[in-house]
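Residue numbers (this note's numbering): 41 to 408. Built from N, CA and C at the ideal position, the CB exists for glycine as well. Quick caveat: nothing in here was measured; it's all calculated off a predicted structure.
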Amino acid sequence: MCNKVGGIYTVIATKSLYLKQQLHKHHILIGPDVWMDTESNPDFIEDPHLYSLWKAQAASEGIRVRIGKWNVPGNPIAILVDFKQFLTSQNDILSKYWERFQVDSITGNWDYKENFLFGYAAGKVIESFRNFNLSASDKVVAQFHEWQTGAGLLYLKYKQLPVATVFTTHATVVGRCIAGNNLPLYDSMNLYDGDQKARQFNVIARHSLEKKSAQNADIFTTVSEITAKECEQFLQRKVDVVTPNGFENSFTPATEEEYDGKRRTARAKLIEVATAMSGEEVSKDAILIGIGGRYEYRNKGIDVFIDALKKLQDTEAQGRDIQAFIMIPSGHNGADKDLVAKLSGTGSADYTTQVSHYLMDNEYDVIT
C-alpha cells in the first residue's frame, strides 16, 4: 500500500472504494514508509491531525509512523511505518521467529529481510493501535497479503492479541519458481514437494515464511481455484475461502468518449517519450505495444513479448513504425536526468537512450 511493486497493489487499490463505503473509518491500511528520505510520496496524503494522540504514543514505544490517506478512489486511512529502525536488531528478531515458529531465515538476502522487517513493524503498529484506540469488545481483523507481510501475522499470533488474522496469497513462492524455470507446474503439481523445491531454487527463507504464515493464520485465502491447489500442495494447508480478484467500475472509463480521450492522451505521451529516447520522430500512426507487471521474465511473458516483436517486425507491420515499451519495475537509482531534461525542453536534442532509469545492475539485466 502506497508502494507499488506489482499487481497486488492494484488488486487492493481497486477494492478500496467499496471497502471504504462498507467500513468507513474502520478500514485502515498499513504500508512501508519508503519515501521518507527522498521526496513526497505521490500515493500518500499526510494528515498530521489524524490519530495524533496515538501517533505520539506509538513514538514513545519506538514506533515511527506517518498517518494520512491513500491517494486512490475512496481515500482510505493509511499508516506508513518506518521499518528501517529495526535493522540494527534484525538478527535478534529473526532468531526469535526461528525459536517460536521455525521460520528459516538463514539464507534470506536483503530483499527478504527488508520485507520481513516491514511485516514485523506492521505487526507492532497493529498491536499499539489496538491497545490505545480500541476496547476489549471491539472486533478487529487484520489481513496480510503475501509472504512479504507474514512476519506481522506471526507477531500477532505470538502476542496472542484479540485480533483475527487472514493470510491471502496471490501465488506461491515455489509455484512462481517452477513456472519461471519453464517446468510443468499444473500437470505435475502432485509430484512436487514444496520444501524440496524451495531448496532447489534457493528460496527457503521466502517459502518458510509463507508456509508458516499460512499455517498459523485464523483464515487462509487465495484468489483462484488453481492457486488453492498450489497452496495445499506446497504450503500443506487447504484454503478456507477463495476470494477472486475484482475491481470497481470506476477503475475503467465509464463511457466510450472517456475511454477514447484517455487513450489519445496516453498515446500522445508514449509517442513523446519514444521520440525523446530514440532521437527519431515517431509516426503518429505508429503501432505502440507494451507489457507491464512484476519483473518475472518468464512468468509474466516478457520473453514471449520480446520474441513476438521480431515476428511482428518481419511480417504484419512492414512499412509501419513499431514502438515497444517494456514497463517493468526494477532496482534503479532514479530517472535518467538527461532524458528528463530533454523531455522538459532543456536537454540536448542529440541525447538518446533505450532505458528510462539508471538500472542498478544494468550489465546483468536480462531485458537490456
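Query                                                                                                                      : Result
Expected contact under 8 Å - CB spacing of M41 and L69 to nearest Å                                                        : 4 Å
Helix, strand or coil at Q273 [DSSP, three-state]                                                                          : helix
Selected residue, minimal CA-CA separation from P72, among G374, K44, D325, K252                                           : K44
First and last residue of the uninterrupted alpha helix (DSSP H) at W150                                                   : 150 to 173
Under the three-state DSSP convention, the category T262 falls into                                                        : strand
Cutoff 7 Å; reference G108; Cβ partners in own chain excluding five residues on either side                                : F84, I85, E86, D87, L90, A118
Range covered by the alpha helix (DSSP H) that runs through Y58                                                            : 56 to 63
Which residues DSSP lists as bridging V279, in chain order                                                                 : Beta-bridge pairing links V279 to no other residue.
Burial state of V165 (16 or more Cβ within 10 Å)                                                                           : buried
Beta-carbon gap between G234 and K252 smaller than 8 Å                                                                     : no
Under the three-state DSSP convention, the category Y391 falls into                                                        : coil
Rounded separation between E450 and Y195 - CA only                                                                         : The question about residue 450 has no answer, for the chain in this structure spans 41 to 408.
Beta-carbon proximity list for K153, same chain, < 7 Å, skipping 5 on both sides                                           : Q130
Any 3 or more C-beta pairs closer than 8 Å across the region 172 to 186 and the region 204 to 220                          : yes
Residue range of the unbroken beta strand (DSSP E) whose run includes K324                                                 : First-last for K324: undefined, no H or E at that position.
Cα-Cα separation, S177 to Q62                                                                                              : 20 Å
Separation of I266 from D227, as counted between CA atoms                                                                  : 11 Å
Chain-order list of residues whose beta-carbon lies under 6 Å from that of Q249 (same chain, five-residue window excluded) : Note on residue identity: the sequence assigns Leu, not Gln, to residue 249. Only V143, W187, G190 meet the Cβ criterion.
Every unbroken alpha helix (DSSP H) within the region 89 to 117, with a cutoff of 4 residues, ordered by chain             : 92 to 100
Any chain C beta carbon closer than 8 Å to Y198                                                                            : Reference to chain C is not applicable here, since this structure consists of a single protein chain.
Option nearest N230 by Cα separation, candidates L275, L120, N222                                                          : L275
Reference K278; option with closest CA among G371, T262, E288                                                              : T262
Exposed unless 16 or more other CB atoms sit within 10 angstroms - verdict on E101                                         : exposed
Expected contact under 8 Å - CB spacing of D376 and Y398 to nearest Å                                                      : 6 Å
Beta-carbon proximity of S145 to A245, cut-off 8 Å                                                                         : yes
Whole-angstrom C-beta distance between I329 and A306, which should lie under 8 Å                                           : Rounded, the Cβ-Cβ distance is 13 Å, inconsistent with contact.
Cβ separation of I259 and I342, assumed to be a contact under 8 Å, to the nearest whole Å                                  : In fact, because the Cβ distance is near 34 Å, the residues do not count as touching under 8 Å.
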